[in-house]
Amino acid sequence: MSEPSELQGKHIVLGLTGGIACYKSAEFVRLLTKAGATVQVVMTEAAASFITPVTMQALSGRPVVTSQWDAREPNNMAHINLGREADAIVLAPASADFIARLVQGRADELLSLTCLARPRERCPLLVAPAMNREMWSHPATQRNVAQLQVDGAVILGPGCGDQACGEVGDGRMLEPAELLEDLIAFFQPKVLAGKRLLITAGPTFEPIDPVRGITNHSSGKMGFAIARAAREAGAEVTLVAGPVHQPTPRGVRRQNVMTAQQMFDAVVPQAQQHDVFIATAAVADWRPANSAEHKIKKEGGKDVPTFELTENPDILAAVAGLSDAPYCVGFAAESERLLEHARAKMLRKRIPLIVGNLGPATFGRDDNALLLIDATSDRALPPDGGRADKLTLARALMQDIAQRLQAVNP
Ligand code: CTP
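Next comes the structure, spelled out in structure tokens:
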């Protein structure tokens with residue numbers, strides 16, 4: 462769901478150190494440049510044993526720098542220039558040895574020298590460790606990583622899984638797409654730091670029998686974009702999702718459910734432990750009163766089956782009615798008279814904010830147009846009244862909600 466321009470205008474120094482995960486760095490450079498970043502690759506001597514500077518130059522479109530004695534720099538100070546030009550230095554892969562060197566402030570080759578010489582207040586250092594699981598869990602490495610964080614570095618991962626050595630465990634470098642998502646998130650303003658958000662997303666599925674059911678066209682895209690944007694903004698996020706085919710945003714806790722009742726049971730008991738509840742799910746209003754235990758067979762000559770429906774619990778209204786309720790945000794998918802219908806819904810459910818959108822113009826689409834409605838005002842997103850991709854809208858919505866929380870609880 463990343464937009465091609467997510468890193469437009471950003472200049473990234475990508476440092477490679479010795480590790481088999483260097484093969485992933487090739488793909489990472491491609492993703493960075495596709496996202497609009499310019500990339501300057503710096504490699505240690507050990508990194509060049511795993512992947513050639515030729516490959517990295519071809520993919521980044523810039524000569525790779527490997528030595529502090531590189532005479533191409535007019536002032537012959539590559540280690541100074543690199544850090545002054547960069548919006549961030551990303552080390553991927555970062556070996557155990559290189560992390561130890563950073564902790565000691567070593568400066569006897571170009572990459573560690575560049576990290577040491579960077580202006581720390583405006584050039585952050587992000588480190589993606591890559592090593593065998595025993596090396597990762599060793600107290601020396603854990604001590605070094607903790608110290609690196611104290612010194613201001615951000616650690617990306619590592620991941621868990623199969624390792625090049627044949628073992629399985631923690632220490633793998635994150636996949637290129639995961640690194641990209643983390644880097645994009647890093648650059649977002651942390652307007653929801655310390656907040657806990659609970660979000661529902663997707664449709665629900667109400668079974669008629671073991672193979673059939675009642676559902677709707679909700680794709681979950683808006684709710685998943687909100688979960689991602691909330692996480693990017695620094696919040697702790699729980700996402701309760703109906704049956705959808707959406708990847709879980711990085712760092713988001715996801716609980717899958719099928720029916721409205723299951724969604725209710727997953728949400729209500731934990732609602733009070735959250736600061737904000739955003740109900741984007743398209744919850745089925747009704748369910749079959751009796752779901753058949755076995756598949757209903759079409760037997761020749763028999764009557765067409767009929768179903769009695771019963772009403773599902775209203776999750777949003779239930780959460781809004783709790784004592785010590787979180788700040789509740791509803792969604793209203795209407796087909797006409799958006800402002801009027803949505804505000805009526807807001808008052809009926811006793812919530813402070815509702816986000817209106819036109820149902821047929823949002824289901825399954827990557828873009829949308831929102832109307833933020835409270836008791837006294839309404840405001841379009843995007844502000845020009847046009848359309849925008851759902852992640853952009855979700856980020857703007859998070860900014861808006863952060864301001865409202867600030868106003869309620871300064
Ligand atoms: N919602 C919910 N639980 C339900 C039904 C709805 O939490 N059982 C939430 C939705 O996630 C959404 C908001 O309530 O945030 C609006 O739901 P909607 O179904 O549009 O409201 P209704 O009151 O059913 O209105 P309508 O007459 O349009 O169906």
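Taken in order, the sequence shown gives residues 462 to 871; the numbers are from my numbering. Glycine is no exception: its CB is placed at the ideal position from the N, C-alpha and C atoms. Because the structure is a prediction, the values reported are computed rather than measured.
For residue j and residue i, believed in contact at Cβ under 8 angstroms, the rounded distance
i, j, result
"Ala750", "Thr767", "Ala750 to Thr767, Cβ: 11 angstroms. No contact."
"Ala743", "Pro664", "5 angstroms"
"Lys758", "Ala694", "About 52 angstroms separates the two Cβ atoms, so there is no contact after all."
"Leu700", "Arg711", "Not quite, the Cβ-Cβ distance comes to about 12 angstroms (not below 8 angstroms), so this is no contact."
"Asp670", "Lys756", "5 angstroms"
"Met683", "Asn593", "41 angstroms between Cβ atoms; not a contact."
"Glu467", "Gly497", "7 angstroms"
"Ala721", "Asn677", "Actually they are not in contact, since the Cβ atoms of Ala721 and Asn677 sit about 11 angstroms apart, beyond 8 angstroms."
"Ser679", "Phe824", "6 angstroms"
"Leu644", "Leu609", "Actually they are not in contact, since the Cβ atoms of Leu644 and Leu609 sit about 17 angstroms apart, beyond 8 angstroms."
Close Cβ partners of residue i (< 8 angstroms) along its chain, the five nearest in sequence each way excluded
i, result
"Phe489", "Leu475, Ala553, Pro637, Leu640, Leu641"
"Arg633", "Ala482, Ala591, Gly618, Pro619, Gly620, Cys621, Gly622, Asp623, Gln624"
"Pro580", "Gly544, Arg545"
"Glu769", "Pro749, Ala750, Asn751"
"Leu800", "Gly817, Leu832, Ile834, Asp839"
"Gly613", "Arg581, Pro585, Leu586"
"Lys471", "Gly497, Ala498, Thr499, Asp548, Ala549, Phe648"
Residue i beta carbon near the ligand CTP (any heavy atom closer than 6 angstroms)
i, result
"Val744", "yes"
"Leu777", "yes"
"Asn773", "yes"
"Ala805", "no"
"Phe738", "no"
"Gly791", "yes"
Residue nearest to residue i in terms of C-alpha spacing, selected from the options
i, options, result
"Leu571", "Asn536, Glu546, Cys584, Val526", "Val526"
"Pro730", "Gly522, Gly782, Val705", "Gly782"
"Ile660", "Val500, Thr676, Phe648, Gly681", "Gly681"
"Asn773", "Leu858, Ala841, Ile675", "Ile675"
"Trp597", "Arg689, Asp558, Thr505, Leu493", "Asp558"
"Val737", "Asp612, Leu866, Phe666", "Leu866"
"Gln649", "Ala855, Glu754, Val869", "Ala855"
"Ile473", "Cys576, Ser679, Cys626", "Cys576"
"Phe647", "Gln529, Val615, Ala786, Asp531", "Val615"
"Cys789", "Gln733, Met504, Cys626, Val672", "Gln733"
"Val502", "Ser486, Phe511, Lys495, Ala496", "Ser486"
"Glu582", "Val728, Trp747, Pro813, Ala549", "Ala549"
"Ser602", "Cys626, Gln565, Ala578", "Per the sequence presented here, residue 602 reads as Thr, with Ser not at that position. Looking at the Cα atoms, Gln565 is the closest of the given residues."
"Met504", "Tyr484, Arg491, Ser528", "Ser528"
Proximal residues to residue i (C-beta, below 7 angstroms), its chain only, five neighbours per side dropped
i, result
"Ala555", "Thr478, Val588, Ala589, Pro590, Ala591"
"Arg567", "Ser573"
"Met807", "Gly791, Ile815, Ile834"
"Met724", "Thr661, Thr665, Val701, Gly703, Val718, Ala742, Val744, Ile776"
"Glu628", "Asn593, Arg594"
Other residues of its chain near residue i: CB distance less than 6 angstroms, five sequence neighbours each side excluded
i, result
"Ala696", "Leu653, Lys656, Leu658"
"Leu777", "Ala740, Gly791, Lys810"
"Ala803", "Ala793, Ile815, Gly817, Ile834"
"Leu842", "Leu831, Leu854, Ala857"
"Gly480", "Pro554, Ser556, Ala591"
"Ala561", "Asn605"
DSSP bridge partner residues for residue i (one or two, in chain order)
i, result
"Cys885", "Examination of residue 885 is not possible in this model, given that the chain is present from 462 through 871 alone."
"Cys789", "Phe738"
"His472", "Thr499"
"Ile815", "Gly791, Ile834"
"Met504", "Leu477"
"Thr771", "Arg748"
"Leu640", "Leu640 is not bridged to any residue."
"Gly674", "Pro668"
"Ile616", "Val588"
"Ile660", "Leu700, Ile739"
"Asn829", "Ala849"
"Val839", "The displayed chain sequence assigns Asp, not Val, to residue 839. In DSSP, Asp839 forms a bridge with Ile834."
"Ile550", "Val474, Leu586"
"Asn717", "Ala702"
Beta carbon proximity, residue i to chain B, threshold 7 angstroms
i, result
"Ile675", "Given the protein chain composition of this structure (a single chain), no chain B is represented."
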